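Undergrad: The structure's right below; bear with me while I get my questions together.
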Amino acid sequence: MGAEPFAGLYTGRTVVLTGAGHGIGLAAARAFHGAGARLIVHLGRRPQSASALPDDVVATDGDFTDPDAQRAFVDFVTEHADTVDVLVNNAGTMFGRFPADTLTEEDYARVVELNQHAVVRVTRGLIPALRRSSAGAIVNTVSISASTGGSPGSSIYSATKAFVSTYTRGLARELAADGIRANAVSPGVIDTDFHARYSSAEKLENTRRQIPLQRLGTAEDCAPAFLFLGANELSGYITGQVLEINGGQR
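Okay, so the sequence shown: first residue is 41 according to the working numbering, each after it adds one.
Structure below.
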């Protein structure tokens, strides 16, 4: 399921999306584009991934573990658009599995900078452009690990995603007066290069057997949730919520 049920829904609307170079972000970007959106995207640290998107997508790269790159992206967006209708904060990763007793200061700082601080800085920088929309929306990507705590070695990653979940609920209350809704998409175990890097095949198979739908999710399973939560016509009375996309996993 991609953009087809949403055909034309985003025509004339500007959507900003971070972490669009691969995985869930790439699937969401393609779906928004297929629904007619004007897309401004951050690709991540892989500039070559721009080739995976249509030619009319306005794209840049940048390492969001660097606050200067976060601020540069905000400047990039405001140079290309006066108004932002939907902001999707999707950039994030684990960087590795770090046992709590051996976690280094450097690894701790890197995970928090990307998954937590970047969301705050990009959001803060683009709130003025969202206010100029007639129905602005923020959609943040979190994780099932925000509520479960994750598996061994992912405690800091999970904690940053829990921060974003709470931040989303706070934004929903604070920005409601401006007509801006804020929600989050919480993927479960999705078959992307994220888990190819950080989970073994045995671990993924054990997880699959515990999922009621008996399969891992795909990036395409997640994409429609972003379109749904970004569109006032579909979710105009939904704000401060976390939508779980996990096949029934708990």
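Quick reminder that beta carbons are idealized off the backbone N, C-alpha and C, glycines included.
It should be emphasised that the depicted structure is a prediction, and the values quoted were computed from it without experimental measurement.
1. Just reading off the alpha helix (DSSP H) that arginine 213 is part of, what are its end residues?
2. Can you tell me whether tyrosine 50 is buried or exposed? The criterion is at least 16 other CB atoms within 10 Å of its CB, across all chains shown.
3. Which term fits tyrosine 277, buried or exposed, when burial requires 16 or more other beta carbons within 10 angstroms of its beta carbon?
4. With serine 299 as the anchor, note down where its alpha helix (DSSP H) starts and where it stops.
5. Can you list, in chain order, the residues of its chain whose CB lies under 7 Å from that of threonine 279, leaving out five sequence neighbours each side?
6. Excluding the five sequence neighbours on either side, which residues of its own chain have a C-beta within less than 7 Å of the C-beta of isoleucine 64, listed in chain order?
7. Less than 8 Å between the CB atoms is what I'm expecting for phenylalanine 104 and leucine 154, so what's the real figure, rounded?
8. Could you say if the region 139-150 and the region 160-168 meet the contact criterion of at least three C-beta pairs nearer than 8 Å?
9. Determine the DSSP secondary structure at histidine 82, reduced to helix, strand or coil.
10. Could you give the uninterrupted runs of the alpha helix (DSSP H) lying entirely in the region 84-160, keeping only those of 4 residues or more?
11. Anyone know if the C-beta pair for threonine 54 and arginine 78 falls short of 8 Å?
12. DSSP state of isoleucine 220, grouped into three classes?
13. Compute the Euclidean distance between the alpha carbons of serine 185 and phenylalanine 203, then round it to the nearest angstrom.
14. Please state whether DSSP places proline 264 in a helix, a strand or coil.
15. For the candidate residues Gly102, Arg85, Leu143, Ala169, whose alpha-carbon lies nearest to that of serine 195?
16. Could you give the residue range of the beta strand (DSSP E) that holds threonine 181?
17. CA-CA distance, serine 187 and valine 56?
18. Considering only the alpha carbon of each residue, which of Gln156, Thr200, Thr206, Val128 lies closest to leucine 170?
TA: For this structure:
1. Residues 195-215.
2. Under this definition tyrosine 50 is a buried residue.
3. By the C-beta density criterion, tyrosine 277 is exposed, having fewer than 16 other C-beta atoms within 10 angstroms.
4. Any answer about residue 299 is impossible in this case: the structure gives the chain only from 41 up to 290.
5. Scanning its chain for C-beta atoms nearer than 7 Å, with the 5 sequence neighbours on each side dropped, one finds around threonine 279 the residues Ala212, Ala216, Arg221, Ala222, Asn223, in chain order.
6. For isoleucine 64, the CB contacts under 7 Å within the same chain, skipping 5 residues up- and downstream, are Asn130, Thr181, Pro227, Ile230, Thr232, Ala259, Cys262 in chain order.
7. Indeed they touch by this definition, with Cβ atoms about 5 Å apart.
8. No: the two stretches stay apart, fewer than three of their Cβ pairs being nearer than 8 Å.
9. DSSP places histidine 82 in strand when its eight states are reduced to three.
10. DSSP runs (the alpha helix (DSSP H)) wholly in the region 84-160: 107-120, 145-152.
11. Result yes, Cβ atoms of threonine 54 and arginine 78 sit closer than 8 Å.
12. Three-state DSSP puts isoleucine 220 in coil, outside helix and strand.
13. Between serine 185 and phenylalanine 203, the C-alpha separation is close to 11 Å.
14. The answer is helix: DSSP assigns proline 264 an H, G or I state.
15. Comparing Cα-Cα distances from serine 195 to each of Gly102, Arg85, Leu143, Ala169, the minimum goes to Leu143.
16. 177-181 is the span of the beta strand (DSSP E), which, as asked, contains threonine 181.
17. Each residue's alpha carbon lies about 27 Å from the other.
18. Checking every option, the nearest Cα to that of leucine 170 belongs to Val128.
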